[in-house]
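Structure first, then comments.
Residue numbers (the working numbering), protein chains in the order written: chain A, 46 to 433; chain B, 46 to 433.
In structure tokens:
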């Protein structure tokens, strides 16, 4: 009956706020904005300027008309070529993704692995850099979306900074929800997408580069035309815009997202809000007697992975009976975990609703669970730890 | 006062119909569609199936989350590598674009040139293929958007078909507006974007390949991860969807565009409608005493280029006083031509309004023009040549 009723407690796509919907609609309502027109160039300029806050950087932020995966590839192909060495921190499914890209190019890949659910040890990165001094870059996933673990980007950055290598970060599912201070920490490239805590529909990627990274880019022949960052820099800095047709509506949506973040207290408030949602979620999960995949010390503020046998059957019940979509396991943890998304347009009440429904669904699945236990633990946590 | 009032008589971006706006808005209104969900896979399947009509093909149609330029690059990098020979038909600014891509890859490029405003001679393509039998591909722009000339794709296809080379076509600004029969003519790859006669906001590209092209793809290592067509084929044919996050709202918009075309009489009716708009536009331009850049035999049904000194000043007046945006010249014809767009969501009355305003603007610019001459010539043409 309620075919279109669905709460998204997913690690993406996320719910798009009404404010962003309206901003996007305006952009393709009469008249469709002309991207060669000065009016759009002003919007583009304002948007890229405001987007610096998202990365805590003074560097140029470049919007790409493509989804998040392309930003990771763009980071690599603009700096590393065939037979170059790159160190990859692989702690889950999206770390493997990076290897997919470097294999396509034909790079020499050195891996710093950690078990799924754990994070990369910065000392292993130091060792890898010492053993492979020719390495041109280190690439780490910030939030590993398949496990909900947060790599220690600050410490890895400090290690890489001591070398000539550049440090690349996949911040697709961390950005806005998780502290990331590009300039302060000394990250060289941050690549991300809009369809996570930035609350946009999919189709826009963002990338930003330090001076050290631009030096690498300028000394490298990018094999791609569409993703050649030199062309974007030239266009954006000269005011002529992106070299190819931009996704106008998503640029307008991004501007609105930045405005929403600014109005609600800025990026630091977003970090605190997401951390509070994470902590109440972990309190609720524990009260239900379920196991968390990731230790507190490395837990993502944007999503939480929970161990559960036959997780996909449970997800089906949550979706069909309670109209709540939970994320499932990818790759080697398929059907073994739930991933509870709490990024972007999500508030405390949304999480309480999810717990109330989960209690019922667990009961119906034969689990011994006290009704109200998850909800009240999450409520108590929220009461005792107001996020602002 | 009327800051947001603007008629787009541009060669893109084009006006987005209300129907498509609503379809897109629905997709990111509550709930945002989940692209891992079977419901979206059904939409994707239906959309790619219906999109075959656009290309007049039975081949798989692949949506890319990126703008039109990327589809051209995708066609090339999936079939041609460094040091391979490719023949490019260059008749304007967007033909030069192709060379930009092949230079990035490091291909050996053989050019078949024609003067801007003219089209490539299929016999020159035959000669180039004879002189370069190692050529792996021939690439031609269908509608050269910078001049409004339509290359003779049917005849070039017939020439290429006799060889082992594959034939690639840039149909960005021709698709839907200009007859193109992929299967019947024997084209191997058609690459296009949604933001022209398909009436979508920018951000979606489409590509489709013949069996001959797939054989080339399967024997070639694509250097890109994001644009590796093998991965898209695998995902779309197995029902798991695109390998990377798709632009959900533009896929929903594309489905609506296909439905609109179907309901209004199908693709053949669209070809006739665009031809009628072109012909009335050319009649109007001639009645104003202005020169057309392209001969009747090669004139695009989607836009019309008109020679005019100081064209950019004239465009400014049209925009500021009459709120009508006309296209200008690119590259070597900058400021020397107007480009009048009549693709997609444009009807006869829109063109009459444009002519009425142009007459006033010409008069104010010192041209001797009889008020009403352009309008009435266009009207007469429309009356005498009903398009359906």
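Just so it is clear, CB atoms sit at the ideal spot from N, CA and C, and this is done for glycine as well.
Fair warning: this is a prediction, and the values are worked out from it, not measured in the lab.
Inset, instruction - Please check if any C-beta of chain A sits within less than 8 Å of the C-beta of residue 60/B. - result: Judged by the 8 Å Cβ criterion, residue 60/B is in contact with chain A.
Inset, instruction - Using DSSP bridges, identify the partner residues of residue 351/A. - result: Looking at the DSSP assignment, residue 351/A forms a beta bridge with 337/A, 383/A.
Legend entry - Residue of 178/B, 167/B, 129/B, 228/B minimising C-alpha distance to residue 266/B: Of the listed residues, the one whose Cα sits closest to residue 266/B is 129/B.
Legend entry - Integer Cβ distance of residue 352/B from residue 335/B, believed to fall under 8 Å: The Cβ separation is near 7 Å, so the contact holds.
Legend entry - Contact belief for residue 346/A with residue 248/A at Cβ below 8 Å, rounded distance in angstroms: So it is not a contact: roughly 24 Å between Cβ atoms.
Inset, instruction - For residue 73/A, decide whether its Cβ has a neighbour in chain B, counting only Cβ atoms nearer than 8 Å. - result: Yes, its Cβ sits closer than 8 Å to a Cβ of chain B.
Inset, instruction - Please check the pair residue 220/A and residue 243/A, which I expect to be a contact at CB under 8 Å, by giving their CB distance rounded to whole angstroms. - result: Between residue 243/A and residue 220/A the Cβ distance is about 6 Å, and since that is below 8 Å, they are a contact.
Inset, instruction - Could you please give the first and the last residue of the uninterrupted beta strand (DSSP E) stretch that includes residue 109/B? - result: Per DSSP, the continuous beta strand (DSSP E) segment holding residue 109/B begins and ends at 106–110.
Legend entry - Any C-beta of chain A under 8 Å from that of residue 363/B: No, residue 363/B lies away from the interface with chain A (no Cβ there is under 8 Å from its Cβ).
Legend entry - Amino acids of chain A, ordered along the chain, whose beta-carbon sits closer than 7 Å to that of residue 51/B: Neighbours of residue 51/B on chain A, chain order: 76.
Inset, instruction - Answer yes or no: do residue 303/B and residue 96/B have a C-beta to C-beta separation smaller than 8 Å? - result: In contact: residue 303/B and residue 96/B (Cβ atoms closer than 8 Å).
Inset, instruction - Please name the residue in 53/B, 74/B, 85/B, 64/B whose C-alpha comes closest to that of residue 291/B. - result: Checked all of 53/B, 74/B, 85/B, 64/B; the closest Cα to residue 291/B is 85/B.
Inset, instruction - List the residues of chain D that residue 138/B touches, going by C-beta distances under 8 Å, in chain order. - result: Although the question refers to chain D, the structure presented lacks it and instead comprises the protein chains A and B.
Inset, instruction - Return helix, strand or coil for residue 361/B, following the three-state DSSP convention. - result: In the structure shown, residue 361/B sits in a helix (DSSP, three-state: H, G or I).
Inset, instruction - Assign residue 309/B to buried or exposed, taking buried as 16 or more other Cβ atoms, counted over all protein chains shown, within 10 Å of its Cβ. - result: Burial call: exposed.
Inset, instruction - Could you give the DSSP three-state label for residue 139/B: helix, strand or coil? - result: Three-state DSSP puts residue 139/B in a helix.
Inset, instruction - Using a threshold of 8 Å, state whether the C-beta atoms of residue 189/B and residue 137/B are closer than that. - result: Taking 8 Å as the Cβ cut-off, residue 189/B and residue 137/B qualify as a contacting pair.
Legend entry - residue 54/A - DSSP class collapsed to helix/strand/coil: Collapsing the DSSP output to three states places residue 54/A in a strand.
Inset, instruction - Please work out which residues of its chain come closer than 6 Å, Cβ to Cβ, to residue 78/B, disregarding the five sequence neighbours upstream and downstream, and give them in chain order. - result: Cβ neighbours of residue 78/B within its own chain (closer than 6 Å, five residues either side excluded): 72, 85, 293.
Legend entry - Beta-carbon neighbours of residue 252/A, restricted to chain B and to distances below 8 Å: Within chain B, no residue comes near residue 252/A; the closest Cβ sits about 13 Å away, beyond 8 Å.
Inset, instruction - Could you list the residues in the stretch 252–278 of chain A with a C-beta less than 9 Å from some C-beta on chain B, going in chain order? - result: Residues 266, 267, 268, 269, 270, 271, 272, 273.
Inset, instruction - In the DSSP assignment, find the unbroken alpha helix (DSSP H) run with residue 92/B in it and report its ends. - result: Counting along the chain, the unbroken alpha helix (DSSP H) around residue 92/B starts and ends at 83–100.
Inset, instruction - Quick one: give me the first and last residue of the alpha helix (DSSP H) that residue 408/A is part of. - result: It spans 393–409 - the alpha helix (DSSP H) in which residue 408/A sits, taken as one unbroken run.
Inset, instruction - With DSSP collapsed to three states, give me the class of residue 209/B. - result: In the structure shown, residue 209/B sits in coil (DSSP, three-state: anything other than H, G, I, E or B).
Legend entry - Selected residue, minimal CA-CA separation from residue 210/B, among 53/B, 124/B, 87/B, 415/B: Taking each of 53/B, 124/B, 87/B, 415/B in turn and checking the Cα distance to residue 210/B, the smallest one comes out for 124/B.
Inset, instruction - Identify the contact partners of residue 294/A in chain B, using a Cβ-Cβ distance below 7 Å as the criterion. - result: Below the 7 Å Cβ cutoff, chain B contributes 246 as neighbours of residue 294/A, in chain order.
Legend entry - Members of the stretch 140–170 of chain A near chain B, C-beta cut-off 7 Å: Look at the stretch 140–170 of chain A: the residues with a C-beta under 7 Å from a C-beta of chain B are 145, 146, 149, 150.
Legend entry - Proximity of residue 208/B and residue 161/B at Cβ, strictly below 8 Å: Inclusion of residue 208/B and residue 161/B in the CB contact set at 8 Å is not warranted, their separation being larger than that value.
Inset, instruction - Using a Cβ-Cβ cut-off of 8 Å, state whether residue 222/B counts as contacting chain A. - result: Closer than 8 Å: no.
Inset, instruction - Tell whether a beta-carbon distance below 8 Å holds between residue 231/B and residue 217/B. - result: 8 Å or more divides the Cβ of residue 231/B from the Cβ of residue 217/B.
Legend entry - C-alpha gap between residue 344/A and residue 337/A, whole angstroms: Cα-Cα distance, rounded: 9 Å.
Legend entry - residue 73/B - containing beta strand (DSSP E), residue span: Unbroken run through residue 73/B is the alpha helix (DSSP H), 63–73; no beta strand (DSSP E).
Inset, instruction - Determine the closest residue to residue 93/B out of 261/B, 281/B, 146/B, with distance taken between C-alpha atoms. - result: Among 261/B, 281/B, 146/B, the Cα nearest to that of residue 93/B belongs to 281/B.
Inset, instruction - Ignore the nearest five residues each way along the sequence and tell me which others in residue 326/B's own chain have a CB closer than 8 Å to its CB. - result: Cβ neighbours of residue 326/B beyond the five flanking positions: 349, 385, 387, 396, 423.
Legend entry - Status (buried if at least 16 other CB within 10 Å, exposed otherwise) for residue 286/B: Residue 286/B comes out buried.
Legend entry - Interface flag, residue 129/A vs chain B, CB-CB below 8 Å: Chain B places no beta carbon closer than 8 Å to that of residue 129/A, leaving this residue out of the contacts.
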